[in-house]
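Step one of this worksheet: look at the structure below.
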Amino acid sequence: MNSFRFIHLVQFIVLMSLQVLLMRNLVLFETGFCFVYIGFILFLPIEMDKVLLLLLGFICGFTIDLFYDTSGVHAAATVLMAYLRPSMLKLITPRDGYEVSDHASLPSMGWSWFLTYGMVLIFVHHFTLFFLELNGFKLIGFTLAKIVASTLFTGTVLVIFQMLFFERRARGFR
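Here the UniProt record's numbering is used: the first residue of the sequence shown is 1, the next is one more, and so on.
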């Protein structure tokens, strides 16, 4: 197993463990929930095979569904996020294009790029998750507040996670 696969396997285990053991009980003002496990899909290399990306999204969401007993809601939201990820990456391609070694991360691509990319995909995930969980559009005001608070909470935690554990690349912070 090469170091690339090993790093992503460790990242998967760490993020899933963090989600199940710590983040599950961490709620911000009874409105904001942190779903740090989606960082696994967000941080994958930019030139990722689409089928493999969807499969990893399903595995990631299904793993959380097993521990949360939510019958596929996390899997559906994570697969949708994984499906939209290549389109989002095309939409925000830098002028010079992507390098082969680029990862979709803050140290590799810079603040404005990552915040645009991350927050849009996190919002899509949370929007899907909370409306599927709600099973309709009842309590739309409270649900939208949960979506916004959870998006900001998750995005902040993922930025902190990257700043602590990701090495700075040669391109540096932009």
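Backbone N, C-alpha and C define an ideal beta-carbon position, used for all residues, glycine too.
Which residues does DSSP pair with residue i in a beta bridge?
i   : result
G32 : L28
State the DSSP-derived secondary structure class of residue i, mapped to helix, strand or coil.
i           : result
P94         : coil
T143        : helix
T70         : coil
F127        : helix
residue 209 : Here the chain has residues from 1 to 174 only, and residue 209 is not among them.
G110        : coil
F62         : helix
L22         : coil
K50         : helix
F6          : helix
F137        : coil
Where residue i and residue j are concerned, what is the direct C-alpha to C-alpha distance, given to the nearest angstrom?
i           : j    : result
F123        : F6   : 29 Å
S71         : F130 : 13 Å
F58         : V36  : 16 Å
A77         : D96  : 32 Å
A149        : T31  : 6 Å
F29         : L152 : 13 Å
G172        : I41  : Note that G172 has pLDDT 42, beneath the 50 cutoff, so the model's placement of it is unreliable and no number is given.
L23         : L84  : Rather than Leu, the amino acid found at residue 23 in this sequence is Met. Computed Cα separation, rounded: 25 Å.
L134        : Q11  : 30 Å
D65         : G110 : 32 Å
F165        : C34  : 18 Å
L55         : Y117 : 21 Å
W113        : H126 : 20 Å
A75         : M16  : 13 Å
residue 175 : D69  : Residue 175 lies beyond the range of the chain shown here (1 to 174); nothing can be said about it.
G141        : L52  : 36 Å
V20         : P94  : 35 Å
M81         : G155 : 14 Å
P86         : I46  : 8 Å
C60         : I38  : 8 Å
L26         : D49  : 33 Å
F43         : F67  : 22 Å
T128        : Q162 : 25 Å
When the Cβ atoms of the region 74 to 92 are set against those of the region 136 to 145, are three or more pairs found closer than 8 Å? no
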